[in-house]
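In the working numbering, the protein residues as written are 1271 to 2149.
Each residue gets a CB set at the ideal place from its N, CA and C atoms; glycine is no exception.
Since the structure is predicted, the reported quantities are computational estimates derived from the model, not experimental observations.
In structure tokens form, the structure reads like this:
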């Protein structure tokens, strides 16, 4: 044996099971069970410390079916299903091993034992010392002069080390005879039958006398004991088969080689992120001490140059660029300064220096100069307001982080860096202060802050890109979200023209209507009171008018919208109050709110699209929120009259997907009834009513269609009998019966709902058609409410998220077509499933063909996508 070559082979499934059952159930703050991962980590740490391997591998079972099932279909048939609390932890164990840089491997149709057996044989022949670690005594058959098999005993720390000498001492057998022993006595845990009535003692006695199972069966006449002879004779075939089942295949067709298993160790910085994610405080403290301090000291001495002039040297082809936008609303913000980090060094540029430099402007606008930024859209828009068209953005750290886990709240670069185990950057709040105390620090402090940010971005970019590729999400990032960020930046900077006079006119009209409503409400109440005061309103409704109080709060009667809606048919005053509140919100939030954000220079509103916020991938908008303008009331719809084209004589063109989420559901669920409806361009709600109520088309009543529509969209948004009962005004039992009938009629949808929940429990997340993930740690929670919510989320996220991905893809395709065809039309807004353009009238005929064609083929589904369009002088007229 050659000195110094040591291979450690770990039975991953066995050790995970051992850890899970040895430790009490543990949860982190997200509700993820962690006891198996924690126990696995402790075992792994001990192995690495004690064994000091030069080579290592963790082997896992690939699935429930192996080549042994061809020999005996009931192999392992008696095993209980893996607890869901353990299943959900396997992805984290895999992630843990990747962080430790420890190779892991599984082979279809074979067990971890076979992988270990094959590699241990190869390693032994190649002069390695081999250590096998498992909780399964089957592996003791591998013990030899160079192979030690460590079998865990109690908990996660005690082990027995099986060598040939130990096997001899324990059983009086050689390791080769272990499979013969199993053939005779069987193994209830693996459902290996053996010979009925033969236990361990009898099996050992027979093997000591005859050597092998074949010799025993050939010498039954010489076996003492009539009953034992009968059993051996009766179960000959079982015995031979059992030995075959128990024998590890040491020539399995593995594709991994010994060279692939070379182990050079790990960095604490690589494992800290998963320890933080799982809440392993003890391990965090242990691993944080040295590494964090060392890095912090290194960052304390971070060297950089505060540029006095912009030179070609600092404007490299590959750079990290920090554009420090001073305020949250980057449409109105100043820029505090810049940092650039590349192979030439670290540089801070003051705002004035950069703005006065043609070299900086040319570099920023050069698409061939690759730039890594924190927030591409923010950086592009902020610079555009200063006359610089930022190009060449190659990596957006914020978007990459969002795609990897949309549930993480990212406050700033330092926060994101800390989540990923990177220290050194400081939080914006610690540098600038908070609220009214927020202010720019001295330039040397600002310079240090921006360079630290850039250094953190440099480390983050490589790490996040690798994670995107490992997750199969790089295309989602590179082909969808990053191009979309640039398009959204262009849309935001362009803005939407607002007719200020029209808004003011609407405001005056609403003020008049509100005054009239106030007078009417006071008349119905018999006295004047403050309608906006819940306390005064409660007294009027529940004491003076004696309406039944639905619920109370700590401060008195509840007058919330849901309470008033239940009382609407009891007294005319309630309906008038509801209308008053809706008109009041329109006045304050939308009329006055929009007037406040019209830009004084452009006379437009420049909303900010939130691209890295929602967990479904949908866009939202802020300052102003243009996606939530109420359209139930005519007064709300009329607000859209104020949104007009930016050029005289142009028109607004709006196109929206028809029932896109139901079409996505039909595609994902492969439900024949739903697919038939869309392929034949039927009204899907009528089709649903026909199938659920078992009637012909001409027998579907408006109420049937209303119920069918509610359940169709209920599926999309995560249905429950309670929610359906509330929307339809029926009992929960009636709603439950309706859902049951629906799922009987649409069995593809039912299968989808069952399958997606099962998949979410196994993987810990669900994904859209374009591989956008949503992690659902609560899906295995013991808390019924948490688990139920997660299950509904698992059902609806792939539908809503895929619909969001499709319209994003359509925006990218449309931007490309508008440019390639030389059209003047501009994409202005995206509102849920709708795209809004402005265009000269001579381009409308082109858009009527082009927009539906592009949108309907953005992503090819197994059912057709359908787009409706309209156009007019304002957004209101384009509906």
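With respect to residue 1461, residue 1382 sits apart: the two C-beta atoms are not nearer than 8 Å. Per DSSP, reduced to three states, the secondary structure at residue 1933 is helical.
Within the segment 1428–1502, the beta strand (DSSP E) runs of at least 3 residues that lie entirely inside it are, in chain order, 1429–1432. The alpha-carbon separation between residue 1892 and residue 1598 amounts to approximately 11 Å.
Rounded to the nearest whole angstrom, the C-alpha separation of residue 2035 and residue 1677 is 12 Å. In the DSSP secondary-structure assignment, residue 2096 is bridged to 2108. For residue 1658 against residue 1626, the beta-carbon gap comes to about 12 Å, at or over 8 Å, which does not count as contact. Here the C-alpha atom of residue 2006 lies approximately 24 Å from the C-alpha atom of residue 1953. Just measuring C-alpha positions, the residue of 1846, 1811 and 2027 sitting nearest residue 1826 is 1811.
Three or more Cβ pairs closer than 8 Å define a contact, and the segment 2015–2026 meets that threshold against the segment 2063–2077.
Between the segment 1922–1932 and the segment 2102–2109 there are three or more inter-stretch CB-CB distances shorter than 8 Å, so the stretches are counted as touching. Cβ-Cβ distances below 8 Å link residue 1791 to 1801, 1843, 1846, 1847 and 1850 in the same chain, with the five nearest sequence neighbours on each side left out; the list follows chain order.
Rounded to whole angstroms, residue 1453 and residue 1514 show a C-alpha spacing of 8 Å. Around the beta-carbon of residue 1982, 16 or more other beta-carbon atoms lie within 10 Å, marking it buried. Residue state for residue 1602 is assigned as coil, using DSSP reduced to three classes. Apart from sequence neighbours up to five positions away, the residues of its chain that approach residue 1945 with a beta-carbon distance below 6 Å are 1936 and 2133, ordered along the chain.
A direct Cα-to-Cα measurement between residue 1384 and residue 1281 gives close to 10 Å.
Here DSSP, grouped into helix, strand and coil, assigns residue 1364 to helix. As summarised for the segment 1275–1327, the continuous alpha helix (DSSP H) elements at least 4 residues long and confined to that stretch are 1282–1292 and 1305–1321, given in chain order. A distance below 8 Å between beta-carbons, with the five flanking residues on each side excluded, links residue 2148 to the following residues of its chain, in chain order: 1921, 1922, 1923, 1924, 2106, 2140, 2141 and 2142.
In this model, residue 1899 and residue 1775 are separated by some 18 Å (Cα to Cα).
When C-beta atoms of the segment 1614–1633 are compared with those of the segment 1581–1595, three or more pairs fall below 8 Å, so the two segments count as touching. Classified as exposed, residue 1749 has fewer than 16 neighbouring CB atoms from the shown chains inside 10 Å of its CB. In its chain, beyond the 5 residues on either side, 1303, 1304, 1305 and 1308 have a beta carbon closer than 8 Å to the beta carbon of residue 1296. Using a Cβ-Cβ distance cut-off of 8 Å, the segment 2032–2050 and the segment 1286–1293 are not in contact, since fewer than three pairs of beta carbons, one from each stretch, lie closer than that value. Burial check for residue 1976: the Cβ neighbour count within 10 Å stays below 16, so the residue is exposed. Contact between residue 2087 and residue 2120 is confirmed by a C-beta separation of about 6 Å, below the 8 Å threshold.
As DSSP reads the structure, residue 1420 sits in a beta bridge with 1403 and 1431.
A Cβ-Cβ contact shorter than 8 Å links residue 1398 with residue 1275.
Between the C-alpha atoms of residue 1797 and residue 1781 there is a straight-line separation of about 21 Å. Between the alpha carbons of residue 1373 and residue 1654 lies a gap of roughly 47 Å. With respect to the 8 Å criterion, residue 1379 and residue 1444 are not classified as neighbours on the basis of their beta carbons. Between residue 1672 and the set 1747, 1951 and 1640, the nearest pair of CA atoms involves 1747. In the DSSP assignment, residue 1928 falls outside any alpha helix (DSSP H), carrying neither H nor E. Excluding residues up to 5 positions away in sequence, 1868, 1875 and 1912 lie with their Cβ nearer than 6 Å to the Cβ of residue 1768 in the same chain.
Pairing residue 1961 with residue 2015, the inter-Cα distance amounts to about 6 Å.
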